[in-house]
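Numbering (this note's numbering), first residue to last: 13 to 622.
No residue lacks a Cβ here, since even glycine has one placed at the ideal position from N, Cα and C.
It should be emphasised that the depicted structure is a prediction, and the values quoted were computed from it without experimental measurement.
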């Protein structure tokens, strides 16, 4: 009996050390994010995170104790083989989560969870963001950690089974009682609330809290919560919800600034991959990466306080083309049936007898975008498969310059009003653009800025050529980003600057030039503002607003993996749904908390009803 207990003790210590080592590897891998973090804060993360480690250890020892109980009559040799297989498989599964999580966190700003499952249908595209050297590094880490874990497992844990002998059945209740005690670390103690992600949150620093989170525990927990997240976000009573939402909308008869002339202009939307305001000189960002965009602001209408509603392309596309936001951990694009019922800017133009087309130089099946575009009514999808294979010179597909050429060619062939959307890709990781470096250096920030410069160069040429066509004088061209990025200042998901993006209206159909709109807005507002200018009813776009209406309150919001941010001219607030508290409050946020609560609850109710 004593030997069985000693084995359980050695196994428990092994798994705790296992998770400690991988937490240390995680901190080293995210070295850039340590800037501004104190040593004591990170040390506290290791201590606080031990609660998740103990919980996982509890699950493993619960299984181990049950096995040792039901095999009380087996000799040591049989047990050695059984536990070697079980622990090796468990360790391998854990490492298959922990190693990819290193790079995923660096790019996403949150630990791997069930949302990654939506990318498994297109593994090639999912892996395209990382360089070959990164893949090699992760592979080497996988081999090294797997090998080291197996050796330590055999040397310090499995070896202890050699002393185990069959025990008398009278010890079985004692062993079962000790095994059942594992429910305490599994649940996180004796409290009423069971273990959850927020149990290990302890700091005002998002990164320090994320260091504390065990990625394996987080992934397992998120799998268990699939299908239940939609039941959350019940903040306000129904009458308070309605009055708050009504207070965020303008009077339908409000005067508006008319910036478009003509009745039926062509509409072209260019969604610029990752074009954060941090890279746009005319928005106070990096100077020199976007000379063409900066010069073009003098020719059109610039929305200077415009925000993305999320940090993924699949969120931004739906936000812009359907005026529909996402919920934390739940993007509507993943629910094919729901995308059939949400509003569609394309369908609005189809009813006005416009032709429509969507252009993307990559595989449009990525992240379920293909089904969304088909459900929302596009006549034609032009993708990488419509180009010669010798143009597949990007990890994502066809670089921007060639798709811009195709777009312009198709515009010249149009014989009736058209609605065209082009989603660029060259400024996506790994930033392997086909030109000499303008932004010198090889850091991630410099390579990102260089890719932005490449797309800006392609954009400048496209517009210069577009202006030479007859269609230009009757066209509205909207340049807007799909989302911001962590690059340039190492933004974390709760940082407002990560979501600020440009929106610039150009074209011969504009009657305003060199105009700056500084009212706060976000991606769902593009559809409402555009349709209002064209005198097309936008009532079904319930989450957007007309940014050119005189008495419309300006505000923006965004969500990330498990949080929600709200910003207007008086306040900035971020609420973390894991810890259930504000992690950022600025201005009059204490007086306006109902705004973001109403928006999130309103969206949640609509999402569940579709």
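CA-to-CA distance, residue j to residue i, given in whole angstroms
i, j, result
"residue 267", "residue 559", "11 Å"
"residue 117", "residue 467", "26 Å"
"residue 157", "residue 455", "27 Å"
"residue 8", "residue 600", "Coverage of the chain is limited to positions 13 through 622, which leaves residue 8 absent and any answer about it impossible."
"residue 229", "residue 199", "12 Å"
"residue 408", "residue 395", "11 Å"
"residue 535", "residue 255", "23 Å"
"residue 342", "residue 576", "13 Å"
"residue 85", "residue 184", "11 Å"
"residue 515", "residue 453", "28 Å"
"residue 241", "residue 589", "Below a pLDDT of 50, predicted positions are generally treated as unreliable, and residue 241, at 48, falls in that range; no measurement from the model is reported."
"residue 209", "residue 119", "20 Å"
"residue 31", "residue 65", "6 Å"
"residue 566", "residue 29", "51 Å"
"residue 47", "residue 366", "52 Å"
"residue 167", "residue 401", "53 Å"
"residue 545", "residue 273", "9 Å"
"residue 484", "residue 447", "28 Å"
"residue 384", "residue 557", "23 Å"
"residue 410", "residue 80", "58 Å"
"residue 554", "residue 339", "15 Å"
"residue 605", "residue 591", "17 Å"
"residue 627", "residue 572", "Nothing in the structure corresponds to residue 627, since the chain is present only between 13 and 622."
"residue 518", "residue 526", "10 Å"
"residue 490", "residue 280", "6 Å"
"residue 19", "residue 98", "15 Å"
"residue 441", "residue 405", "14 Å"
"residue 124", "residue 425", "46 Å"
Distance cut-off 7 Å: residue i Cβ against heavy atoms of the ligand NAP
i, result
"residue 322", "This structure simply doesn't include the ligand NAP, nor any ligand for that matter."
Residue(s) in a DSSP beta bridge with residue i
i, result
"residue 597", "585"
"residue 327", "According to DSSP, which records beta bridges pairwise, residue 327 is partnered with nothing at all."
"residue 432", "280 and 369"
"residue 577", "570 and 586"
"residue 394", "371"
"residue 342", "339"
Assigned secondary structure, residue i (DSSP; H/G/I helix, E/B strand, else coil)
i, result
"residue 322", "coil"
"residue 613", "helix"
"residue 195", "helix"
"residue 126", "helix"
"residue 207", "coil"
"residue 283", "strand"
"residue 28", "helix"
"residue 39", "helix"
"residue 63", "helix"
"residue 317", "strand"
"residue 447", "coil"
"residue 109", "helix"
"residue 469", "helix"
"residue 442", "coil"
"residue 246", "coil"
"residue 709", "Look at the range of the chain in this structure, 13 to 622, and you will see that residue 709 is not part of it."
"residue 353", "coil"
Beta-carbon contacts of residue i that lie in its chain and below 6 Å, excluding the five residues immediately before and after
i, result
"residue 224", "57, 60, 61 and 212"
"residue 175", "15"
"residue 297", "289, 290 and 291"
"residue 294", "306 and 309"
Cβ shell of residue i (< 7 Å), same chain only, five flanking positions each side left out
i, result
"residue 462", "443, 445, 449, 450 and 451"
"residue 610", "248, 253, 256 and 257"
"residue 459", "443"
"residue 44", "502"
"residue 336", "330, 344, 354, 355, 536 and 555"
"residue 487", "277, 278, 280, 519, 520 and 521"
Chain D contact for residue i (CB, 8 Å cutoff)
i, result
"residue 491", "Among the chains in the structure shown there is no chain D, since it carries only a single protein chain."
8 Å CB neighbourhood of residue i in its chain, flanking five on each side removed
i, result
"residue 202", "196"
Go through the region 252 to 307 residue by residue and report every complete run of the beta strand (DSSP E) that reaches 3 residues or more, in order.
-> Runs of the beta strand (DSSP E) inside the region 252 to 307: 278 to 284.
Note to self: Runs of 3 residues minimum, wholly inside the region 474 to 561: which ones carry the beta strand (DSSP E) assignment?
What the structure shows: 487 to 493, 512 to 518 and 527 to 529
Notebook entry, point to check: If you scan the region 150 to 190 from start to end, which runs of the beta strand (DSSP E) of 3 or more residues do you find wholly inside it?
Noted result: none
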